[in-house]
Amino acid sequence: MRLRNEGEHDHEYVTDSSRGDLTFMQETTDIQIGELSPNSVLKVENITMQFGGVVAVNNLNMEVNRGEIVALIGPNGAGKTTAFNVITGVYEPTNGAIYYNKKLIVENKPRGKMKKYYSGQNAGLYYKSISKTPDKITALGMARTFQNIRLFKSMTVFENVLTAMHVRRTSNFFTAMLHLNFSEEKKMREETASLLELVGLSDVKDDLATSLPYGKQRKLEIARALATHPKLLLLDEPAAGMNPQETEELTQFIRYIREKFDLTVLLIEHHMNLVMDISDRIYVIDFGRLIAEGNPEDIQKNPKVIEAYLGGSDNG
Ligand SMILES: Nc1ncnc2c1ncn2[C@@H]1O[C@H](COP(=O)(O)OP(=O)(O)OP(=O)(O)O)[C@@H](O)[C@H]1O
Ligand SMILES: [Mg+2]
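Numbering of the sequence shown is given in this note's numbering, commencing with residue 29 and proceeding in unit increments.
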């Protein structure tokens with residue numbers, strides 16, 4: 029555990045109506061950082077992601093414990109996907125730290141150009157610069173799906189999952205195809221077949237991924253993520269574009285895979301029925317900042333949350 033140095037100030041950005049137009053404000057709350065709960069799988073600590081003058085994620089703190097299903101919600105442009113991109117190593121944050129299974133995987137302080145731009149909360153609190161690349165993070169047991177479906181368009185359903193299995197190896201798909209011995213390849217094919225069976229896609233295994241209806245493409249994305257043997261699964265709007273019945277099925281499906289694969293799940297979602305039904309806990313962000321955390325019942329009653337959603341967003 030580390031404590032803020034005596035006399036150090038917190039700084040807070042305040043945004044006016046146009047996002048990214050920043051003025052500067054000081055406050056002096058004392059905070060302690062670096063404490064992890066006993067079952068911590070993911071801890072996001074004071075994460076800020078600033079693109080030039082745009083503060084997409086602003087001093088975010090979140091923790092996800094083993095076996096939980098946790099939702100990250102907020103209006104459009106709140107910074108949810110950016111938070112996922114920082115957690116999965118796509119972006120190096122401007123400031124803050126991330127622990128995965130109680131191990132520090134990201135720690136960053138403002139550097140280079142950001143040193144000049146960033147004078148926000150907790151500047152100067154971090155010392156090292158560590159950031160793992162997305163492939164390393166996947167190898168540690170974290171997998172994700174994307175807001176915009178990213179499947180290999182010219183591959184079949186089966187090939188899409190098989191490729192993801194190869195990601196677990198150090199070699200890429202093609203070199204792996206050349207060098208793997210027959211039994212290893214056979215094992216992966218068997219595992220692909222049983223994974224497709226399990227998620228209910230075996231009947232379309234030889235179809236082109238893009239020929240599937242939307243709901244099944246989303247399921248295939250999840251199957252691809254599962255092929256990397258994750259312990260923590262991050263889903264970015266898995267129900268986007270789904271009708272109420274598909275959304276209900278997806279809710280059951282997420283519960284099912286959580287049990288089956290002993291997963292912890294962090295999901296971004298705008299479908300409030302799904303969020304309120306499935307989540308153990310919910311984090312709400314607005315303009316990059318955490319505005320609420322709690323169980324579904326409390327979140328639905330929270331005036332700050334209601335205001336964030338009613339004040340200038342069409343989500344609901
Ligand atoms: N690479 C980038 N460069 C500059 N600005 C960015 C970048 N990525 C995201 N942003 C900005 O950060 C803010 C947060 O975007 P983000 O995509 O994280 O929101 P979101 O909460 O996922 O929204 P949605 O619900 O619409 O998916 C937006 O203002 C966006 O324009
Ligand atoms: Mg998003």
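Backbone N, C-alpha and C fix where the C-beta goes; we use that ideal spot for every residue, glycine too. No experiment lies behind these values; they were computed from the predicted model shown.
Spatially closest choice to residue i from the options, by CA coordinates
i	options	result
L236	S182, T220, I165, E219	S182
G316	K71, L64, N86, S68	N86
I177	E274, G269, G339	G269
V72	F79, Y128, L295	Y128
P347	G105, S147, F79	Shown here, the chain extends from 29 to 344; a query on residue 347 therefore has no answer.
E274	L302, L295, A251	L302
K214	L294, T116, L190	L190
R252	R172, I334, K164	R172
P258	V83, G95, D326	G95
Y242	N323, A267, S307, Y119	A267
V345	P162, K130, Y145	With the chain running from 29 to 344 in the structure shown, residue 345 is simply not present.
Q304	Q328, L278, I282, I250	The sequence given here has Met at residue 304, not Gln. Taking only the C-alpha atoms, the option nearest M304 is Q328.
F281	I306, V83, D326	I306
Y146	A84, L261, K131	A84
L226	S211, I250, E212, D234	I250
Beta bridge counterpart(s) of residue i as assigned by DSSP
i	result
E91	K71
F128	A small fix is needed here, since residue 128 is Tyr in this sequence, not Phe. DSSP output for Y128 lists L70, K131 as bridge partner(s).
V118	Answer is none; V118 lacks a bridge partner.
I310	A99, G322
D163	Paired residues: none, contrary to the question.
I158	E135
L261	A171, V293
Extent of the continuous alpha helix (DSSP H) run through residue i
i	result
Y242	242–254
L302	300–306
V195	185–195
L353	The structure shown does not extend to residue 353, since the chain is modelled only from 29 to 344, so the question has no answer here.
K181	Taken as a continuous stretch (DSSP letters only), K181 belongs to no alpha helix (DSSP H), as it is neither H nor E.
M142	140–145
Sequence-distant residues of its chain with Cβ nearer than 7 angstroms to residue i (five each side left out)
i	result
L248	L179, V185, N188, L229, A237, L240
M193	M216, E219, T220, A255
F289	L254
T166	V195, T256
R286	I97, V293
M142	Q78, T122
Residue i, DSSP secondary structure in three states
i	result
I334	helix
L294	strand
M77	strand
S230	helix
I327	helix
G339	coil
N123	strand
E218	helix
N86	strand
R286	helix
E277	helix
6 angstroms Cβ shell around residue i - same chain, five flanking residues per side excluded
i	result
E135	A125, Y154, K156, I158
D58	Note that D58 scores 37 on pLDDT, short of 50, meaning its location in the model is unreliable; the coordinates nonetheless yield the value given after this. Once the five neighbours on either side are set aside, D58 has no close Cβ partner at all.
I296	L100, K108, D264, E265
K332	I319, A320
E325	none
Contact set for residue i: own chain, Cβ-Cβ below 8 angstroms, skip 5 residues either direction
i	result
N93	S65, N67, S68, V69, T292
Y311	M90, V98, A99, L100, I101, L318, A320, E321
L88	V72, N74, I75, T76, G107, A111, G124, I313, G316, R317, L318
K160	G117, I133, V134, L168
Q245	I177, L179, A237, T238
A151	H39, N123, K137, P138
Residue i: first and last residue of the uninterrupted beta strand (DSSP E) it sits in
i	result
L236	Element bounds for L236: n/a, residue is neither H nor E.
N170	The amino acid occupying residue 170 in the given sequence is Met; Asn does not appear at that position. Segment 170–172, the beta strand (DSSP E) holding M170.
Within-8 angstroms CB hit, residue i to chain B
i	result
N89	Included in the structure is just one protein chain, with no chain B present.
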